[in-house]
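In what follows, a single structure is set out as C-alpha cells and then discussed.
Number of protein chains: 6
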Amino acid sequence: MKTMVTLGEILIELNAVTSGPLRHVNYFEKHVAGSEANYCVAFVRLGNNCVYIGRVGRDEFGHNAIEWLRGKGVNVDHVKFDDNPTGIFFVQRDYPVPLHSESIYYRKGSAGSRLSPEDVDENLVRGGDLVHSTGITLAISSSARDSVFKAFSLNGNRSFDTNIRLKLWTPEEARTTIMKLLKDYPVKYLITDVDDSRILVGESDPDRASAILREYAEVVVMKQGPKGASLYHDGGKYFSPGYSVPVEDVTGAGDALGGTFLSLVMSGFSMEKALDYAIVSSTLNVMIRGDQENLPGLSEIEAFLKEMDKK
Amino acid sequence: MKTMVTLGEILIELNAVTSGPLRHVNYFEKHVAGSEANYCVAFVRLGNNCVYIGRVGRDEFGHNAIEWLRGKGVNVDHVKFDDNPTGIFFVQRDYPVPLHSESIYYRKGSAGSRLSPEDVDENLVRGGDLVHSTGITLAISSSARDSVFKAFSLNGNRSFDTNIRLKLWTPEEARTTIMKLLKDYPVKYLITDVDDSRILVGESDPDRASAILREYAEVVVMKQGPKGASLYHDGGKYFSPGYSVPVEDVTGAGDALGGTFLSLVMSGFSMEKALDYAIVSSTLNVMIRGDQENLPGLSEIEAFLKEMDKK
Amino acid sequence: MKTMVTLGEILIELNAVTSGPLRHVNYFEKHVAGSEANYCVAFVRLGNNCVYIGRVGRDEFGHNAIEWLRGKGVNVDHVKFDDNPTGIFFVQRDYPVPLHSESIYYRKGSAGSRLSPEDVDENLVRGGDLVHSTGITLAISSSARDSVFKAFSLNGNRSFDTNIRLKLWTPEEARTTIMKLLKDYPVKYLITDVDDSRILVGESDPDRASAILREYAEVVVMKQGPKGASLYHDGGKYFSPGYSVPVEDVTGAGDALGGTFLSLVMSGFSMEKALDYAIVSSTLNVMIRGDQENLPGLSEIEAFLKEMDKK
Amino acid sequence: MKTMVTLGEILIELNAVTSGPLRHVNYFEKHVAGSEANYCVAFVRLGNNCVYIGRVGRDEFGHNAIEWLRGKGVNVDHVKFDDNPTGIFFVQRDYPVPLHSESIYYRKGSAGSRLSPEDVDENLVRGGDLVHSTGITLAISSSARDSVFKAFSLNGNRSFDTNIRLKLWTPEEARTTIMKLLKDYPVKYLITDVDDSRILVGESDPDRASAILREYAEVVVMKQGPKGASLYHDGGKYFSPGYSVPVEDVTGAGDALGGTFLSLVMSGFSMEKALDYAIVSSTLNVMIRGDQENLPGLSEIEAFLKEMDKK
Amino acid sequence: MKTMVTLGEILIELNAVTSGPLRHVNYFEKHVAGSEANYCVAFVRLGNNCVYIGRVGRDEFGHNAIEWLRGKGVNVDHVKFDDNPTGIFFVQRDYPVPLHSESIYYRKGSAGSRLSPEDVDENLVRGGDLVHSTGITLAISSSARDSVFKAFSLNGNRSFDTNIRLKLWTPEEARTTIMKLLKDYPVKYLITDVDDSRILVGESDPDRASAILREYAEVVVMKQGPKGASLYHDGGKYFSPGYSVPVEDVTGAGDALGGTFLSLVMSGFSMEKALDYAIVSSTLNVMIRGDQENLPGLSEIEAFLKEMDKK
Amino acid sequence: MKTMVTLGEILIELNAVTSGPLRHVNYFEKHVAGSEANYCVAFVRLGNNCVYIGRVGRDEFGHNAIEWLRGKGVNVDHVKFDDNPTGIFFVQRDYPVPLHSESIYYRKGSAGSRLSPEDVDENLVRGGDLVHSTGITLAISSSARDSVFKAFSLNGNRSFDTNIRLKLWTPEEARTTIMKLLKDYPVKYLITDVDDSRILVGESDPDRASAILREYAEVVVMKQGPKGASLYHDGGKYFSPGYSVPVEDVTGAGDALGGTFLSLVMSGFSMEKALDYAIVSSTLNVMIRGDQENLPGLSEIEAFLKEMDKK
C-alpha cells in the first residue's frame with residue numbers, strides 16, 4: 001500500500017435538492033467535500049492510504065468532516081481543529097447552464113484557510129509516497145499557499161491539480177502562483193483541463209497545452225469534460241473517451257478522475273489503464289449529488305467496464 | 001421600461017413530485033402558475049413592467065399568488081379578491097406519454113374565471129405599451145372572454161397566445177372565439193403552435209399556417225415543441241432551434257418563450273435575437289417543476305448561450 | 001359478520017406536510033378520505049362488511065379512491081363513475097389554532113355530489129344490517145340529500161353522524177334538514193358533538209343536548225374532542241375519557257370513533273366497551289396525517305389498552 | 001374475460017430514493033413487487049382476471065401486499081398467511097452500472113418461499129385459461145418448485161418466464177430445473193432474454209436461442225433490454241423496437257412486458273400487436289421506481305402510441 | 001396606516017429538517033429571516049407599513065430576501081445590493097437542549113454587515129412614525145452600529161429590542177454599546193428579556209430589571225420565554241401568560257412578539273391588549289420552522305383567542 | 001482513557017419516516033444500530049475507547065456499519081466480514097401504542113448472528129478494562145451465546161444489559177440463559193429494567209428485583225422508562241428522574257443510558273452523577289429517529305443540565 005499526503009481544505013457542501021436558481025431552492029442536502037478530500041477518498045477507495053493535512057472548525061461541521069473521512073479510511077490524525085468556522089459552499093445546479101453546477105462559497109476566513117506551514121509535519125511529508133495539492137489550496141490564503149510550497153519542497157514525488165476557481169482569485173493571480181509552484185517544484189503528475197490551460201499557458205488545445213505543461217510535469221492528465229481525458233507522458237499520448245450518462249451534479253468529477261488515476265498508478269497499473277478506470281470514477285460521480293459517495297472501488301469499476309463491453 | 005397589461009387567471013399548480021399516474025403519486029409540490037402570470041413574470045424578469053388584471057380567491061391560495069407575483073415584481077395592485085376559490089390544477093408527468101405533462105383542473109367557477117369587463121380599467125389598458133391575453137382567458141367564462149374583447153378594443157398594441165386547452169372548450173368553440181377576436185382586433189404578436197394552428201386554420205404546416213394567420217397578426221411566432229420555434233413577419237421567416245436537455249416538466253415552457261420574446265422585442269431587440277433568447281427561457285423552463293422559478297434574466301440567458309458557443 | 005350500507009362522498013385529501021398557513025406550505029400528501037368512507041374502513045377493520053353507495057370521477061383520483069377502498073376490504077361494487085371530477089380538499093394544520101385543522105374544499109359540482117336516488121339500490125339497502133350516512137351527504141347537493149332520505153326510508157336500522165360542515169351550508173339549513181331527517185326517520189345510533197348539538201337543538205351541554213336528541217335516536221354518542229365521549233341510551237349514561245397524545249391532524253378522528261363504535265356494537269360488544277375501544281381508534285387517528293391509515297383492528301386496540309393499564 | 005392463475009412470491013420492495021451504493025442511501029421508498037405479482041397486475045390492467053397462489057407473512061408487509069393487490073383487482077382470496085416474514089428486497093440504482101439496478105434480497109425462509117403443493121388448489125388451476133410462473137419460484141425453495149410442477153401438470157395452457165436470478169441459485173441449478181420443467185411441461189408462451197438463454201441453451205443470439213427454445217414452447221418472446229423484444233412462433237419472427245426514455249429503475253420492466261403481452265393475446269390481439277403494446281408497458285415501467293404503479297391500461301398505451309406516431 | 005423604519009440585516013436561514021446535532025442533519029430548509037426583517041413582516045401583517053434599511057448581497061440569496069419581503073408587503077426600495085455575500089445561518093434544533101435552538105452564523109463580512117450611515121436616508125427616517133432596530137445590528141459591525149445611532153438621532157419615536165447574541169460580541173461589549181445607545185437616545189418601546197437584562201443591568205428579576213430599564217424607555221416589554229411576557233409603563237405592570245403548544249423551533253418568536261406588539265400599539269390598541277395578541281404571534285411562531293411564515297394577521301389572532309376562550 | 005470490549009450484532013435500522021402501521025409507511029430512513037454498537041458509540045462519545053467484536057455482511061450495509069462506527073471512533077479492526085447478509089430491522093412508531101416503537105427484524109441467519117467463539121481474541125478481551133454484552137447477543141445464535149460466555153470467562157470486569165427481546169426467544173429461554181451467565185460470571189454492572197426483571201426473577205418492583213439481582217452484580221441499574229432509573233450498589237439506592245420531552249422514537253434509549261453510565265463511571269465519576277448524566281443521554285435519544293446520532297458528549301450533557309437548572 002502506498003501513502004499519499006494531501007494538503008487542502010475540507011468543506012461542507014450544501015447541494016440543491018432541486019435544480020434552478022438558489023432563490024427558489026427550498027431544500028439543501030449536506031455532503032462532505034473539498035477537492036483534496038475528494039482525492040483522498042478516491043485514493044483510499046482504490047486500496048491505498050491517504051494522510052490529510054488541514055484544519056476544520058471546532059464546530060459541528062468540522063466534526064462532521066472528520067467523522068466522515070475517518071469512516072472512509074482517510075488518516076485524519078493530523079487534521080487540526082481551529083477556532084474559525086468550517087468552510088461551506090452551496091451548489092446551484094442546471095442554471096443558468098444545463099448540466100453545469102455553480103459553487104457559492106462561504107469560506108473566507110474559514111478554519112481550512114488557516115492551514116499554515118507549521119501544520120506541515122516534515123517527517124510526515126517526507127515519508128509519503130506522493131504529496132498532493134491543488135490550485136484551490138494556493139488560492140484560499142497566503143499561509144495555505146506557503147504550506148503547499150513547504151510540502152512540495154520536502155518530497156520530490158509531487159502531484160498537482162490546477163483546479164483554478166475564479167471566485168477565489170483572478171486569472172493573473174492563478175497563473176503567477178501556479179506557474180511559480182511548478183517552476184520551483186516540477187511535479188510527477190499534473191492534472192488539469194483545457195480552461196485552466198488557457199489561463200496558465202494561453203493555450204486550450206489539449207495537445208499544445210500539454211506540450212508546454214510537460215516542461216513542469218512528467219505526466220499531464222488533460223480533462224476534457226464529458227468528452228473524456230487525455231494523457232501525455234514520455235510514452236506518448238493516450239485518449240480515454242467519456243461515457244454518456246444522466247447528469248445530476250458534475251461537482252467533484254475531476255477530483256474523482258484524478259484521485260482514482262493516482263491511486264491506480266501508485267498501485268502499479270499502466271497509466272493508460274489507470275486513466276480508463278479513472279474515467280469510470282468520474283462518470284459515476286456526475287450521476288449523484290455529493291462528491292464522494294459514488295467513488296468506486298476496483299470491483300465496481302470492473303463491473304461497469306464489463307457491462308459496457310457487452311454493448 | 002415598457003409596460004405590458006395582462007388579463008388572465010392566476011392558478012395554483014400542484015405538481016406531482018414523482019412521475020406516473022396521479023393515483024400513485026403521494027406528494028405534490030405547490031407553485032404559482034397560470035399562462036398569463038407566467039408571461040408577466042418572464043416579461044418582468046427581462047427588465048420591463050407587467051400589470052396584471054384578474055381575480056384571485058380571498059383564501060390562502062389567493063394570497064399565495066399575490067405575494068409571489070408581487071415579490072417577482074409584477075404589479076398586482078389591480079388584482080381583485082373574489083369570494084370564489086382560487087383555481088388550481090394538478091400536473092401529471094410522463095404518463096401516459098413520456099416527457100409530456102397533463103393538467104387536471106379544479107377551476108370551474110373559480111375566482112379567476114369571474115374576471116369581468118368591469119375589472120378592465122380603461123385608462124390602465126390605454127396606458128400600456130402592450131396588452132396581452134391568451135386563449136385560456138377566452139375559454140374560462142363568458143365574462144372573462146368579454147374582458148379580453150374589451151381590453152383589446154382599448155389598445156391597438158395587442159399580443160395574443162392561442163393556448164387552446166381542450167379540457168376547457170371544444171375545438172369548434174376555440175376556433176370560433178379566437179378567430180372572431182383576431183378578426184375584430186388584429187394583433188401585433190401572435191404566439192401559437194402547430195396543434196393550435198390545425199384547430200384554428202386547418203393547417204399544421206408551420207409555413208402555411210403562419211401565412212394564413214399573418215392576415216390577423218403582424219408577427220407570428222410558431223412554437224414547435226423541443227424542435228424550436230419559427231418567426232414570421234414582414235422581414236421574412238426565421239427558425240430558432242431548440243436545445244436538448246433533460247425534461248422534468250414541460251408545463252409553462254411556451255409561456256416562458258412568449259413572455260421572454262415580447263419583453264426583449266419591447267426593449268428593442270431584433271425579433272430574431274429575441275426569439276433565440278426566448279428559446280433559452282423555454283429550455284431552462286422544462287428542466288424543473290414549476291413554471292416561473294427558472295425564468296432567466298438577461299445575464300443568465302447570455303451565460304447559457306456563451307456556454308453553448310463553446311461546444 | 002354484519003353489513004353496513006353507507007352513502008356519501010369519497011374525497012381525495014391533500015394534507016399539508018408542514019403546518020401553518022397554506023400559502024407557505026410547499027408540499028402536500030395525498031390520502032383517501034371522506035367521512036362515510038372513513039366510517040366504512042373503520043367498520044371493516046373491526047371485522048364486518050361495508051357496502052359503499054356513491055360516485056367518483058372517471059379520473060385518476062376516482063380510481064385512486066376505488067382501489068384504496070377495495071384494498072381495505074370495502075365493497076365498492078356499487079360505486080359509480082361519473083363525468084364530473086372527484087372532489088378534493090386541502091388540510092391546513094395548526095393555524096390559526098394550534099392542534100386544529102381546517103378543510104379547504106374543491107368539491108362543488110364534484111362527482112360525489114351527483115349521488116342521486118337512482119343510485120340507491122333498494123334491495124341492497126334493505127339487505128343491510130345498518131344503513132349509515134352523515135350531515136355532509138345531506139349538504140353537498142339536493143340529489144345527495146334525497147338519496148339519504150330514500151335509503152333511510154328503506155331500512156329501519158339507521159345510523160347518522162351529524163357532522164355539520166359550515167363551509168357547506170348555513171346553521172339554519174343544517175338544522176332544518178337534519179332535524180327533518182331525524183323526525184321522518186328516527187335512528188338507532190346518532191353520533192354527534194357539542195358544537196353540532198348547539199346548532200341542532202340549541203344546547204351544548206352534553207347531558208341536556210342528548211336528552212333532547214334521544215327523542216330521535218335510541219342511542220346518542222356525544223363526542224367531546226380530546227376530553228372523550230359520552231354515551232346515552234336506555235341503559236343510562238357512560239363517559240369514556242380521551243387519551244393525551246401528540247396531535248398531527250385531527251381530521252377524521254370523529255369518523256374513526258363512530259365507525260369503530262358501530263362495528264363493535266354490531267359484533268355484539270356492549271355499547272360501553274365499544275365506546276372505550278372507539279376512543280382508542282380516534283386517539284390513534286389524530287397522531288398521523290390521513291384519516292384511514294391508523295384505523296386499528298381489534299388486536300391493536302387491545303395492545304393499546306393493555307399498555308395503558310400498565311401505567 | 002380470461003383468467004390467469006399465477007404462482008409465486010409477493011415481495012416488498014425498498015427502492016433507493018437516491019442512486020448510488022446503498023451505504024450512502026438514506027431513504028428508501030416502499031412498493032409491492034415480485035415478478036409474478038407484477039405479471040398479475042399487468043394482466044388485470046389490460047382487462048382480464050388474475051388469481052394469485054402464494055403466501056405472505058402474517059405481518060404488516062404481508063397485509064400491505066394483500067391490500068395493494070386486492071386494490072389493483074387481483075384475486076388474492078387464495079393467498080395464505082404464513083408465520084414466516086414477508087420477503088423483502090432493496091433496490092440499488094445506477095451503481096456500479098449506470099441505468100442498471102441491483103436487487104439485495106432478504107427472502108431466505110420467507111413466507112413466500114413456503115409456497116407448497118398443498119396450496120395449489122386443483123380445481124382452481126384447472127379452471128384457469130392460463131397458468132403462469134417464473135424461474136424465481138423454481139429457485140426459492142423445493143416446495144415452491146414442486147408447486148409449479150404440480151400446477152403445470154394440471155393445466156396445459158402454460159406460460160413461463162425464465163427470470164434467472166443468480167443470487168438465488170447457480171446457473172447449473174437454473175438450467176437443470178428450468179429445462180426439466182420445460183421438457184416435462186412444454187409451454188404455450190415462453191418469455192426469456194438473451195442472458196437467460198445463454199445459461200439455458202448456451203446460446204445468446206436471439207434467433208438461434210429461440211430456435212432451440214421453441215422445442216419447448218409454441219411462442220418465444222425474447223427480451224433484449226432497451227433495444228426491444230423479438231417474437232418467434234409458427235407465424236414467423238417479429239421484432240418490436242424499444243423507445244428511448246429517461247431511466248429511473250429497470251426493475252420489473254420485463255414483467256410489465258410479459259404480463260401485458262399475455263393479457264392482450266388472451267384478449268384476442270395478434271401476437272405482433274400485443275408485443276408492440278407490451279413494449280410500451282415496459283417503457284413506461286423504467287421511468288419510475290416501483291414495478292406496478294406505471295402499468296398502463298389500453299387507453300394509456302394507445303395514447304402513448306398516438307403521440308409517437310406524430311413524431 | 002403607520003410606518004416603521006427598520007435598520008438591520010436580512011439573513012437566509014437554513015433550518016435543520018431533523019433535530020439533533022448538525023453533523024447528523026442531512027437536509028436543511030431555507031427561509032428568509034433576520035430579527036429586524038421578522039419585525040417588519042409582523043408589523044406589516046397587522047396592517048401597517050414597514051420600510052427596511054439595509055444591504056443584501058448581489059447574489060441569489062440576496063434576491064431571495066428582497067423578493068420574499070416585497071411579496072410580504074415590506075417596502076424594500078431602500079435596500080441596497082452589496083458586493084459581499086448575503087449573510088446566512090444554520091439552525092440546530094433540540095440539541096443539546098430540548099426545545100431550544102442554536103444559530104450557527106456565516107455572516108462575518110456579509111453584505112448586511114456593511115450597512116453604513118450613508119444608507120440612512122434622513123428624510124426617510126424623519127418621516128417614519130417609529131424607527132426600530134436591535135442589539136444585533138449594533139453588534140455586526142461598527143458601520144452598522146453607527147447607522148443605528150444616526151437613525152436614532154433623527155427621530156424621537158424609537159423602538160429597540162436588545163436581542164443580545166453572544167456569538168457576535170461579549171457581554172461587556174453588549175452592555176457598553178446598548179446602554180450608551182439608550183442613554184443617548186432613550187426609547188419609547190424597549191423589548192428585552194431576562195437574560196439580556198442580567199447582562200445589561202445586572203438584574204434578571206423581571207420587575208427589578210424593568211424598573212431600572214424604564215429610566216431609558218417609556219415602555220418595557222420583558223419577554224419570559226414560554227411563560228409569557230410582562231409590560232411595564234406609567235400605567236403599571238401587566239403580565240400576559242404564554243400558551244403551551246408543541247415546539248418546532250423557537251427562533252424568531254421574540255421578534256414575532258415584538259413586531260406584533262408595536263404594530264397593534266401603533267394602530268391604537270391598548271398596550272395590554274396588544275401584548276395579549278403579541279403572545280399569540282409568538283406562540284404560533286414556535287410551532288414551525290421559519291420565522292415569518294406563521295406570523296398571523298388580526299383575524300387569525302382573534303380566531304386563536306376565540307378558540308382558547310372555549311376551553 | 002479506558003477500553004471497553006463489546007460483543008454483539010451491528011444492525012441496519014430502517015426507521016419509519018411517518019408513524020403508524022408499516023403497511024402505510026411509504027418512506028424509511030436508514031441508521032446504524034444494534035444495542036452493543038449503541039453502547040460503544042455512547043462510551044466513545046464520553047471520552048473512552050470501545051473495541052467491537054462481531055461480524056457484518058460483505059455487502060453495502062456491512063460496509064455502511066463499519067464506516068459509520070469507525071467514523072464515530074469505535075475500534076472496528078476486529079469486526080469480521082461474513083458471507084451472510086448484514087442483519088436489518090424496521091421500526092414502526094406510535095402504533096398500536098403511542099410513543100412506543102416496535103422492531104421488525106430481518107436478522108435470522110445474519111452475518112452478525114455468526115459471531116463465534118473463534119472471533120473472541122483472548123488477549124484483546126483480557127486487555128480490556130471492561131467486557132460488555134447484552135441479552136440480544138445471547139439470543140441470536142448458539143455460537144453468539146458461546147462467544148459471550150467465552151469472553152466473560154476471560155475478564156472479570158464485566159458489564160451486561162439484559163435487553164430481553166421476545167421476538168428472539170421465549171421468556172423461559174431468556175431466563176435460563178441469562179441467569180446461567182450471571183451465575184457463572186457475576187458482573188460488575190447489570191443494566192436492566194422492570195419488564196426484564198419480571199422475566200428473570202419474577203419480580204417487577206424495582207427495589208425487590210434489584211435486591212435479588214444484586215446477588216449476581218455489584219451494581220444494578222434499573223431503567224424505568226420515561227420515569228427515570230434507579231441505581232443499587234453497596235453505597236445504597238439512588239433514583240434519577242427522567243425529563244419530559246417530545247418523543248420521536250424510543251429505540252436505543254436504554255443503550256444510550258447504559259453506555260453513558262458505564263463510560264462516565266470508568267472515567268471516575270461517582271455512579272450517582274454518572275446516572276444523572278446518563279439520563280440526559282437517553283432523554284436526547286428519544287427525540288430523534290436513529291439510536292446513535294443524538295448521543296451527547298460531556299459538554300452537551302452539561303449544557304442540558306445547566307438549562308434545566310434555570311427552570
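Protein chains in written order, with full-length UniProt numbering: chain A, 1 to 311; chain B, 1 to 311; chain C, 1 to 311; chain D, 1 to 311; chain E, 1 to 311; chain F, 1 to 311. Idealized CB from N, CA, C, for every residue including glycine. Model, not experiment: these values are computed from the prediction.
Euclidean distance between Cα positions of residue i and residue j
i, j, result
"A/H233", "A/E218", "6 Å"
"B/H100", "B/D94", "5 Å"
"B/P186", "B/Q224", "23 Å"
"A/A229", "A/V250", "15 Å"
Closer than 8 Å to chain E by CB, residue i
i, result
"F/V44", "no"
"B/R289", "no"
Interface flag, residue i vs chain B, CB-CB below 8 Å
i, result
"D/N163", "no"
Limits of the unbroken alpha helix (DSSP H) element including residue i
i, result
"residue 343 of chain B", "The question about residue 343 of chain B has no answer, for chain B in this structure spans 1 to 311."
Chain F within 8 Å of residue i, Cβ atoms only
i, result
"A/R58", "no"
Run of the beta strand (DSSP E) containing residue i, from where it starts to where it stops
i, result
"B/M222", "217-223"
"A/L258", "Looking at the sequence shown, residue 258 of chain A is not Leu but Gly. Taken as a continuous stretch (DSSP letters only), A/G258 belongs to no beta strand (DSSP E), being part of the alpha helix (DSSP H) at 253-266."
Residue-chain proximity (residue i, chain D), Cβ-Cβ < 8 Å
i, result
"B/V95", "Position check: residue 95 of chain B holds Tyr in this sequence, whereas Val was assumed. Chain D, which has a Cβ nearer than 8 Å to the Cβ of B/Y95, makes this yes."
"A/L284", "yes"
Cβ of residue i within 8 Å of any chain A Cβ
i, result
"E/P186", "no"
Per DSSP, the bridge partner or partners of residue i
i, result
"D/N15", "D/E29, D/V91"
"F/S103", "F/V91"
"C/P241", "C/G228"
Entirely enclosed alpha helix (DSSP H) segments - the segment 155-195 of chain A, minimum 4 residues: 171-184
Which ranges does the alpha helix (DSSP H) cover as unbroken runs of at least 4 residues, wholly within the segment 42-86 of chain B, from first to last along the chain? 60-71
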